[in-house]
Structures are given as structure tokens and as C-alpha cells.
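Numbering (our numbering), first residue to last: 803 to 1658. Beta carbons: idealized from backbone N, C-alpha and C, even for Gly. Down below is the structure, laid out as C-alpha cells.
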Amino acid sequence: MTQGVPDKPALEGLEEKWRARWEADGTYRFSRSKPRDAIYAIDTPPPTVSGALHIGHVFSFTHTDVIARFQRMRGREVFYPMGWDDNGLPTERRVQNYYGVRCDPALPYDPSFTPPETPPKPPISVSRPNFIELCARLTAEDEKAFEDLWRYLGLSVDWSLTYATIGRTAQRVSQLSFLRLLDRGLAYQVEAPTLWDVDFRTAVAQAELEDREVAGAYHRVEFSLDSRKIAIETTRPELIPSCVALVAHPDDERYKPLFGQHAITPLFGARVPIRAHPLAEPDRGSGIAMICTFGDITDVTWWRELSLPVRAVIQPNGAFKPVAWGSAEWPSDDPARAQQFYDQLAGLSAQKARARVVELLRETGALVGEPRPITHAVKFYEKGDRPLEIVTSRQWFIKTMDFREALVERGRALKWHPAYMRTRYENWVNGLTGDWCVSRQRFFGVAFPLWYPVKRDGTMDYASPIKPDVSRLPIDPSSDVPPGYTASQRGQSGGFVGDPDVMDTWATSSLTPQIAGGWESDPDLFNRVFPMDLRPQAHDIIRTWLFSTVLRSHLEHDSLPWTNAAISGFVVDPDRKKMSKSKGNVVTPKALLVEHGSDGVRYWAASGRPGMDTTFDPNQMKVGRRLAIKILNASKFALSNAEPRGAVTHRVDRGVLTSLARLVDENTADLEAYDYTRALDRTEKFFWSFCDNYLELVKSRRYGEQGPAAAASANTALHAALSSMLRLFAPYLPFVTEEVWSWWQSGSVHRAEWPSRAVLIAVAGGEDDRGVVALEAASLVLGEIRKKKSEERRPLKTSARLVKVTDTADRVALLEETRADLRAAGLIERLDLAPGDFAVDVELAQAEALSRESSQ
RNA sequence: GGGCGGUUAGCUCAGUGGUAGAGCACCGGCUUUACACGCCGGCUGUCACAGGUUCGAAUCCUGUACCGCCCACCA
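Dropping the structure here:
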């Protein structure tokens, strides 16, 4: 049933109407009726729930939606789920403050726990399962708000296919995949120096690092060697107590004679060997460096390759630990003096210890000159506030280094849009320095599904982890009991303990295709959607999300997780900076959508090509809104005279359909190649020219001024053209196109068939190149007449007494066929057509303006 | 330090070998029975810079500058 053409079409109220209708009709519901090759599956990026959605999300999610809608109209059944990334640190922080709780994994689950009305101080300690329940409760509210915004924007997601990265499915998939890697020896645990955030008190992975420029200083410090002094330069003098060696380049003549000898550390009097290693740079500082355990990653390399001992001073919480000097581990030539100095450092943070050490060095004369301030890059956890330390701890790893070549090959097999984004992936894979550390000493995440036996001496037997039966997954080792044990044995000698850690958030996110696709729970679905067709995401998480997903799929399925990766750029402000959160919050996405309409905002978003950073530009949203209004009005005109209908006989009618058929071909090719921007641009230009020229040309004919057959030709062409143009616009402007479609068509335009060249050419009665030329030529003449009127400042309704057109013989012949249309559209009293060089000579009717002026 | 993008009108951007383009902004005109949430017209450029290839370069090559991003073991 159709609604008919309204008298005064308007955008107001139209979005609400269609939003409700799409939901009621299940317009975007995925049906698993089709075979794999008729399905288009999208591995949607799950936005982080603890933050607010910003304009960048609207931008990139629109790109995906345009592709989804296009593929759906192409006849593919689109698998378009939506995920929420609610697992991880940001959520933990919010929940702690919101409810006034802290997680204590040692506590048992309390099923009757409810949080107080107001957050108590000090916070209440709750068990991990209770804490996770609170996280789930809070994130559920955020997820509702996110879904509302996506519906408002008009994403054609199947909302019955949602998942959360902390949900049961995600936990089960993460744990199952982990256990399989463990069984195959691809996951392992090891006690080793690891990058460590002292505030969050957790290990972090290479992918989560970022460099920040911070102020520091070079300190020139003297070690002694017999009666001689050896100066080293360091930015971290507080680590002198953890110094285990000095190192210089093997070819450095200055230090060659010293290799194998021992130097004595200032303040602490520890004898440390002087060693050679090629990583030491003769040009830097004094050419000889102290190796500490551990100041940075290079220290770890030296320590490992030179087989040095460990003297760690920094504890997991960042404070200097108490140390007894004079022991085997902490040797000193003068233990009492060392102890006296060190006691002033114990308990301090690195920063405070540094200040104190500098004072002590200065007092004892070991500091040469004054510290020289510098700015240097220091590694931070991307969510952290203090520089990372390196702390030795037991962590779980997934093997990656063994697969680097294979992963590069996977990257080459993936179709990147734009293609150059592959380079970033390759740079990352080739730059990997170690396996992926996946354990985090946090709570709101997926637990490692393991327990460890407690030995008689009360220590854990980490080498013999107890695995659950996979049918029980997901499990929480802090509340579930391993097979063969009773709950009372938890923590007891001869009993068990649960693994206290959770997985890195990317260890779950890297499985989104498996989570959404029903891996190991719904084989029918999984076979229909995996590997998926598209991974859409932004370029900043190529090294994390994209890389880790490729890795997991490679390990688990020996395949790529998807065939295409469409990489969106960022939204930047006019100064080329990434839109900051503060700026993004000034104008919320919802406010923009309300002001400019979802179609208007989507139009702007579609102007950002794959990979291109795009300027935040409300002007473009206004242009999009105007386009939507224009579509309403032009459609009203095109549809207002449905009768009579009949064969397309007129040259320009066949011409417009022929041009449109070509446009359809070009757009289809571009959209298949993910160039949605170019396709929209072309459709828009065509549509505008269609309104300005073609509609004007055929207007009078449609009113019957050349008889019913002539009107019928125009009507048929108009309907066919409008129908195709609406469908070309539909992926971008889903609301306005659906509205217009409903005026005379049944069903949703979003389930309609993508326009086809063949249909348009059939309506035209055959491809008509000369019709295209006729329309062009007639449009040019109309333009010249308008120009003349504008130059003479005459109303457009002024008639032209005489228009003389000279053009090539062929074009003159074509204009002759279009004479009646042209005369009516241009208000031409007499039209002379003659062969010759192109020229249009316009003589307007007597100026009424003069008589009006003179009569005043 | 290595890599990847970018640099075209006041602004946002198309344009990959053949006479520099669009939209917005600006200026001017026009109530024209689809649209004043409109229509028509106009103005606007050392295509970052320097070389090279070519009959011909915004476009291809080399180098430089600047902007942005990614990566890196800067003691």
C-alpha cells in the first residue's frame, strides 16, 4: 500500500516514522536462508562503552552502513551485528566511583549483594563476580544509550544480533580459544620482566604503549675503577642500586681495555662487570652505559644476552622495595654505607627517589657537573599517567614471533581500502619484539579459565594448571571449583587456587568474528558468515584490533578473518588536529543529528573517503539536509502526474535514461570497491543537473501541451529515473529516500533491488547516445538563455523573442527534435537553428522593467 | 631515525598526461504553479617549492619544505 504524494513534503517527523517502521517490519533482520556467497558479513567495531560516542564514531559507522545498505540492495543477505566493548579498565574505574566499591578477588561471591544508594566511603570490597555484576549493570545503561544513537543515525544493524565483550558468549569464546591455544602450546606462561603500569598495577602489551615527550635530565655519574673514575650518563640515576653491569660497544677503543674488569657503583659500592655489547652506542653520552634491572627494554635485552643477575628495586606498586645490602643478591663493598643511603629511598616512588639520589650523588661528589635538562620520549601505557616500569612477574603470552612471516602474508592477502594502510600493518608486524602478553592483573575482564594446585608448602604449582571441561565455559575460577575438588579446598594446602588474572581486552576483541558468528555454538551460522566480508575500523587500531584478530584467526582457523578491511580516517578540526574529547563534547552527536537531520549528517560523513582524515564541517551537513529537501520536492514533481504512461519515444527522455544507466554502472563499480564518496558525488551532480535541466525541459510536455503520447513518454522516463536515483541515494540518505519510495512503491527501498543498467535501457527502448547529446545540447541552450536574463537583470519568466543557435549539424538535428521542449522551457517565441560554430544568440522580449520604472 | 599519507579558489574538497573544477562563503539578480528549507548568474588560482621526462605536467620521476599519522632499543 502506498501513501500517495503529499501536498507539502517536509523532513519533519519523517525520521521518527521510518525508524519505528523499520523496527516493526524487521527491515534489517538477518535471515540465514541464503548460502555463504549470497551473504555479506560485517565484523562491526564494538565501541567502548565507558566513554561517550563522539562524532568520529558517527563518521566511521556511517561508512559501514552505506556499504551494508548497498550490499543488501545488491541482493546479499547482510549480517550486520553490533557489539559493545564494555570489558576493561575504563569500565572498572567508572564502576568503582559510581557504586563506591573495590574489587577483592579473594572474597567469595555474595548473591544477595546490592550496592548502597550512595557510594560509601571508604569503598566496600566486593568479590570479583559481584564486581562484574555491577560492571554489567552500569554498562547495560550505556549500551541502551548507544543503541538509541545508532538507531537515530539510521544504522541498518540487526539489533537482535548484539554482543558485549564481557557477555557470556564473549567469555566462553575467549576462554575456549585460550584453552585451545594452551593445548597446542601456542599460549604459555612465564615469569619474566614485563612492561608494567605501577598505577594500575598490571602488565601491559607492546600494542598498548605510546611514547610521550617528557622533561628529564642527563646526569653524569662517576663509577670508580681502582683509582680511576668512569663517567656514565643516565636519565634514571635512581636506578643505580639496581645496576648490574656497565656496557660499551665491543669496538670502542676507549673501553676495550676495561672489558672483564669491575667497576664500583657510587653510593652503594656494588662491584659490577664492564661488558661489551653491540647495542651500546659509542656516540651517546660517554659511550658507556649502566645496565639496570630494569630501566628500559634495552636493559632487558642486555640482561638476557649477557646473563646478568636481577636486582629489582621497583615493586609492582611503583615504590622502592626494602633491601638488605651485603647479601649475595645485594653485594656491596661497604654494606653499612650502602644501607644508610638506600634506607632513604625505600618506600619512595621513582620520581622522589631520583631527587634524593641526585642529592646524595652531589653530596658524595659522584655527580659530575649539574644535570642537563632534556626532553625525551618515554614509554607510557596509553591509558596511564606515569611512565611504565619493567617488573618481573608471571604472565600469560600468546605466541606471535613465530608467525610474523605468515602474518605478513595474511596482510597481503587482505584487501585493504585504501591499499596503503597495509603498510602500517606490515610495519607493526615486522617491528614486533616479543610475544603478546595477554594477562592483566585486573578484574573486569575475561578470567583465565584455570586453577593451580596448592602444594604442601603452600606455594602454587603453576606448571600444572587445572583446566575445566569446555562444556562448562565460561567459568570464573574465583568462584567455580575445578573438577575433583570441593569449594572448601580453595586456598588450602593440597587444594587449589584460581588464576587471579584477566585477559587483555584485545584478547577478547580479537575474537569478534567468532563471538558474533556463533563459533562452536552455532555451526550453521558460523559456516554462513565466516570468514566475514568486511572489517571496518579506524587506522589507529590497526596494530591492536586488526592485527590481533588476524593473529587469532590465523592460529585458530588458518585463514583470514575477513576478505576486506575498510579503514576510516579521523574527524579532525580545521587545524588538522584530531578532534579532542572536549571539542567533541561541545557538540554531541545527538545534537548534530537533531539539527541537521540524520540524512544531513550522514551526507557529511560520506564525504570522508576511506582512510582520509576529514574536517568536521557542519556546512556539509547543511548541504546534505538541503539535498534531502530537494529530493522531496523534485520527487513530488516527478510523481505528481502519474498518467498517462506509455513508451519512451522522445530523444531527451531516452537520453536521460541512458546517462543514468551509465551512472548506475559507475556507481556500482565504485561501491564494490568501497569508494562510497565518489559514487555519492556523481549521483548528486547527476541529480542536480536532472532537476535544473531535464525537469525544466519536460515540464510543459508533462502538462499535456504536446499531446498524451508525448506526456506519457516523459512520465515513464521520470518515474524510471526517479526510482533509480532514489535507490542510488538510499544507502546514504535512508530516511528521505524511504519516504519518497513509499509514496508510490510498496516495500522498503532498502530491500529494493539495486538499480540496473539493463532495466533503464529497456525502459528507454534501447541505449541512445544521441539522446545524451540532445539533453546536453538543450541544457546548454537553456543555460545561455538564463545567463542572458541574469545579465540583463530580467525576471526569469521573461520570454525570448528570438533565440539563434548555431552548432554542429548533428547537434542542430538533435535540437530540432527537442524544439518543442526547448521552446516551452526557455519561453522562446522564435527558435532558429542553423549549422555552424557553437553560438547562442538570445534576444529577450521588450523589457517590462523599464515601463514599470517609468510608471512609478 | 625509518615509514605512510597530504599540500589545488577565502573554507571543505574533486580532478593521475591534453584549455584548472564543484560545493560552501561572497557579490548581483529573480516570487519561476516541485522546491524562498528556493531559483539564476557572477567573482575567485604562481595547482607548496626546485629540477627532470614529454610536443604537452596539478597529474609521471628526483629532491626540498611544511602539516598529519604510524613505527623505533634515544642509555
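Secondary structure note for residue 1096: it is in no alpha helix (DSSP H), with a DSSP letter that is neither H nor E. Inclusion of residue 1540 and residue 820 in the CB contact set at 7 Å is warranted, their separation being smaller than that value. Exposed is the label assigned to residue 818, since fewer than 16 other Cβ atoms lie within 10 Å of its Cβ.
Closest option to residue 1038, judged by alpha-carbon separation, among 1116, 1479, 1404 and 1198: 1116. In the structure shown, residue 968 adopts coil according to DSSP, grouped into three states.
In terms of CA proximity to residue 1094, 1049 leads the group 1088, 1049 and 1134. Around the beta carbon of residue 1295, a 10 Å sphere encloses fewer than 16 other beta carbons of the protein chains shown; the residue is thus reported as exposed.
Of the candidates 959, 1407, 1006 and 1163, the residue whose Cα lies closest to the Cα of residue 1186 is 1006. Counting only runs of 3+ residues, no beta strand (DSSP E) is found wholly inside the segment 1506-1579.
Taking C-beta atoms under 8 Å as the contact rule, residue 1305 and residue 1248 qualify, at a distance of about 5 Å.
In the DSSP annotation of this structure, the continuous segment of the alpha helix (DSSP H) that includes residue 875 starts and ends at 857-875.
With respect to the C-alpha of residue 1043, the residue from 1133, 1059 and 959 having the closest C-alpha is 1133.
Classified as exposed, residue 927 has fewer than 16 neighbouring CB atoms from the shown chains inside 10 Å of its CB. Under the 10 Å beta carbon count, residue 1627 is surrounded by 16 or more other beta carbons and is classified as buried. The segment 1220-1234 makes no contact with the segment 1025-1037; the number of CB pairs closer than 8 Å stays below 3. For residue 1515 and residue 1341, the gap between their C-alpha atoms comes out near 50 Å. Comparing C-alpha distances from residue 959 to each of 1286, 1507, 870 and 1510 shows the shortest one belongs to 870. Scanning its chain for C-beta atoms nearer than 7 Å, with the 5 sequence neighbours on each side dropped, one finds around residue 1640 the residues 1608 and 1609, in chain order. With fewer than 16 other beta carbons inside 10 angstroms of its own, residue 806 counts as exposed. The beta carbons of residue 1096 and residue 1076 sit no closer together than 7 Å.
Note that the segment 897-905 touches the segment 916-930; at least 3 beta-carbon pairs, one per stretch, sit closer than 8 Å. Assigned with DSSP and collapsed to three states, residue 911 falls in coil, not helix or strand. One Cα belongs to residue 1281, the other to residue 1122, and the distance between them is close to 34 Å. Annotation: residue 1254 to residue 1284 spans about 9 Å, alpha carbon to alpha carbon.
Rounded to whole angstroms, residue 1505 and residue 1513 show a C-alpha spacing of 7 Å. For the set 881, 1011, 848 and 978, the Cα lying nearest the Cα of residue 949 is the one of 848. Comparing alpha carbon positions, the residue from 910, 1309 and 1226 closest to residue 977 is 1309.
The residue from 1353, 1265, 1393 and 1408 with its alpha-carbon nearest to that of residue 1370 is 1408. Taking the CA atoms as reference points, residue 1198 sits about 25 Å from residue 1318. By the Cβ criterion, the segment 851-871 is not in contact with the segment 1204-1224, since fewer than three pairs of Cβ atoms, one from each stretch, lie closer than 8 Å. Using a Cβ-Cβ distance cut-off of 8 Å, the segment 1416-1427 and the segment 1388-1403 are in contact, since at least three pairs of beta carbons, one from each stretch, lie closer than that value.
With a beta-carbon spacing of about 12 Å, residue 1493 and residue 1438 fall beyond the 8 Å limit used to define contacts. DSSP places residue 1346 in no beta strand (DSSP E); its state is neither H nor E. Between the alpha carbons of residue 1488 and residue 1524 lies a gap of roughly 12 Å. Sixteen is the threshold: when 16 or more other Cβ atoms of the shown chains lie within 10 Å of the Cβ of residue 884, as they do, the residue is buried. Per DSSP, the unbroken beta strand (DSSP E) holding residue 1646 starts and ends at 1641-1646.
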